[in-house]
Amino acid sequence: MRRRLRLRWDALLTLLLGATLGFLLYAQRDGVAPTTRAPRAQGRAAPGPTPRLRVFQIPDAGAVPQAYEEDTPPEPPAPTRTFDFGRYLRAKDQRHFPLLINEPHKCRGYGAPSAGPDLLIAVKSVVADFERRQAVRQTWGTEGRVQGALVRRVFLLGVPRGASYDWAEAEGEGKQTHWQTLLRAESRAFEDILLWAFDDTFFNLTLKEIHFLAWASAYCPDVRFVFKGDADVFMHVGNLLEFLAARDPAQDLLAGDVIVQARPIRAQASKYYIPEAVYGLPVYPAYAGGGGFVLSGATLRRLASACAQVELFPIDDVFLGMCLQRLQLTPEPHPAFRTFGIPQPSAAPHLRTFDPCFYRELVVVHGLSAADIWLMWHLLHHPHGLACAHPRTVATGPFQWGH
Ligand SMILES: *[C@@H]1O[C@H](CO)[C@@H](O)[C@H](O)[C@H]1NC(C)=O
2 MRRRLRLRWD ALLTLLLGAT LGFLLYAQRD GVAPTTRAPR AQGRAAPGPT PRLRVFQIPD
62 AGAVPQAYEE DTPPEPPAPT RTFDFGRYLR AKDQRHFPLL INEPHKCRGY GAPSAGPDLL
122 IAVKSVVADF ERRQAVRQTW GTEGRVQGAL VRRVFLLGVP RGASYDWAEA EGEGKQTHWQ
182 TLLRAESRAF EDILLWAFDD TFFNLTLKEI HFLAWASAYC PDVRFVFKGD ADVFMHVGNL
242 LEFLAARDPA QDLLAGDVIV QARPIRAQAS KYYIPEAVYG LPVYPAYAGG GGFVLSGATL
302 RRLASACAQV ELFPIDDVFL GMCLQRLQLT PEPHPAFRTF GIPQPSAAPH LRTFDPCFYR
362 ELVVVHGLSA ADIWLMWHLL HHPHGLACAH PRTVATGPFQ WGH
């Protein structure tokens, strides 16, 4: 009798242990327990356990990395491996820098005193990248009337690293350096340059974000929509305007390539490495990829004041997600925004990335050279139209913007 009892006791214990082990294994598999997998992603964040809206693509080790990493000098220099977070944290209360080149009348002069442009295109660029700015100016960033909509354009620049001495002093004493002279001339010629006094580095893109939001709500308060993106994207203005035609600029809207449940990258070797001391939560708020997104005038104004309250965070699009979270505003995923570029040909051999018919269906594609942008634009705007295998289903007639 006693022996049987002991046997039963043993069985119970085994069962209990087995159940615990099973639970642990299960938890591990589902990502409840912390995993030790080191993300080799070059993207902004590791994929979340259950990406609901879009699957984050981790590029192959040998694949073409994101902007800011491979791009020749033009883009801000890639951060060094040993980013000084301590210094960043200590300096992050300094977040107001003067505007060195302004375009105060960018959004004025459309007859009715309070009528702003329909679309303001704001492009992140760096001083050295004149060639890409030219490509954007002459293709998708053209100012004026596009399908009846009034479009205006600005480029957002900081001071090239290592050149951040007193600009005003140099101006006054006629001791401008080469880049200052060139940028002044470019600004006079195209009237689309905004230059702020912070170093134009990858980790200062958040400063660019808040300074642009503040600028746009001050100098462009009546703009209906704003497109903000990188200089290495291809943007299909017609498709964007079509998408916006049904939207009310007085309502909240922020649409783009939305990433949800992204986990901070804890691998120090990554460019997007974020230590837990800087961000302790397991996932980032939903955010739109910084390569290109669109927002309404109403959201612009609300974001400008929300972001002014949020502590600086070194990854600009995640930072914007934090501002959105503060407003309890969910970014809207739009399948035609491909801000992380097109899948590598090996991953998707059926997608011919140089097929203009492919681009015709999209709004934003990331990771293009100035030449790609030119070529794609001219192929898409060929006077005799495109002969695509699958005719487009969306209505193609010109639509009218009503104010
Ligand atoms: C950002 O710009 C400021 C002002 O130019 C500079 O002091 C700081 O080092 C920059 N921060 C980073 C992370 O590059």
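Numbering (the numbering used here), first residue to last: 2 to 404.
Backbone N, C-alpha and C define an ideal beta-carbon position, used for all residues, glycine too.
Note that this is a predicted model, so its numbers are computed, not measured.
Inter-residue CB distance, residue i and residue j (contact presumed, cutoff 8 Å)
i    : j    : result
K272 : A123 : Wrong, their Cβ atoms sit about 24 Å apart, outside the cutoff.
V227 : L158 : Going by Cβ atoms, the distance from V227 to L158 rounds to 17 Å, so no, they are not a contact pair.
A215 : A299 : With a Cβ gap of about 16 Å, A215 and A299 do not count as contacting.
V234 : H367 : 5 Å
L363 : H237 : 6 Å
C108 : V224 : 6 Å
I374 : A136 : 5 Å
Reference residue i, options the options, closest by Cα
i    : options                   : result
P250 : L301, Y285 and L206       : L301
D253 : A198, T331 and P161       : T331
G149 : V224, A246 and A309       : A246
V127 : G368, V238 and L184       : L184
F320 : L100, F204 and R109       : F204
T202 : A371, H383, V311 and F84  : F84
L209 : F156, G163, R361 and Y220 : One point to set straight first is that residue 209 is Lys, not Leu, in the sequence displayed. With distances taken between Cα atoms, K209 lies closest to F156.
V259 : P336, Q139 and F314       : P336
L101 : A372, S188 and D119       : S188
E132 : A309, M377, A164 and A372 : A372
W197 : L90, W375 and N103        : N103
Y89  : F314, T182, R138 and Q135 : F314
K93  : E312, F213 and W168       : E312
Alpha carbon of residue i to alpha carbon of residue j, nearest angstrom
i    : j    : result
F98  : N240 : 35 Å
T207 : I316 : 7 Å
P1   : G257 : Because the chain is modelled from 2 through 404, residue 1 falls outside the range shown and cannot be assessed.
G292 : D231 : 5 Å
L381 : M323 : 36 Å
L325 : G117 : 24 Å
Q262 : A278 : 19 Å
L199 : A190 : At residue 199 the sequence reads Phe, which differs from the Leu that was named. Between F199 and A190, the C-alpha separation is close to 24 Å.
D193 : V365 : 21 Å
P283 : I211 : 25 Å
A270 : H383 : 45 Å
G222 : F244 : Sequence inspection shows Pro at residue 222; the Gly mentioned does not correspond to that position. Spanning the two alpha carbons is a distance of roughly 22 Å.
A309 : F213 : 12 Å
T178 : D119 : 37 Å
T140 : R361 : 14 Å
F86  : F338 : 32 Å
C358 : T182 : 41 Å
R138 : K176 : 29 Å
W168 : M377 : 38 Å
Three-state secondary structure assigned by DSSP to residue i
i    : result
F226 : strand
H212 : helix
W168 : helix
G163 : coil
R96  : coil
L282 : coil
A123 : strand
G298 : helix
T37  : The predicted model places T37 with a pLDDT of 32, which falls under 50 and marks its position as unreliable, so this point remains unresolved.
D231 : strand
L330 : coil
Y220 : helix
A263 : coil
W141 : coil
I316 : coil
D253 : coil
R406 : Nothing can be reported for residue 406: it is not among the residues displayed for the chain, which extend from 2 to 404.
G290 : strand
I408 : With the chain represented from 2 up to 404, any question about residue 408 goes unanswered, as that position is not in the structure.
V365 : strand
A186 : helix
Residues near residue i in its chain [Cβ-Cβ closer than 7 Å; skip 5 each side]
i    : result
P265 : A46, I275, Y280 and Y285
G145 : V152
R248 : L254 and S297
G142 : I122, V124 and R154
D318 : R45, Y288, A289, G290 and G291
Y220 : P105, K107 and C108
R96  : L208, I211 and L313
S218 : L301, R302 and A305
R134 : S126, F156 and A232
Q186 : It is Ala, not Gln, that sits at residue 186 in the sequence shown. So no residue of the chain qualifies.
Nonlocal neighbours in the same chain, by C-beta distance under 6 Å from residue i, ignoring five residues either side
i    : result
L328 : R303 and A307
Q242 : In the sequence as displayed, the identity of residue 242 is Leu instead of Gln. Q148 and A150, listed in sequence order.
L195 : V155 and L157
R91  : none
Residue i CB to nearest heavy atom of ligand 2 below 7 Å
i    : result
F213 : In terms of ligand content, the structure shown lacks ligand 2 and carries ligand 1 instead.
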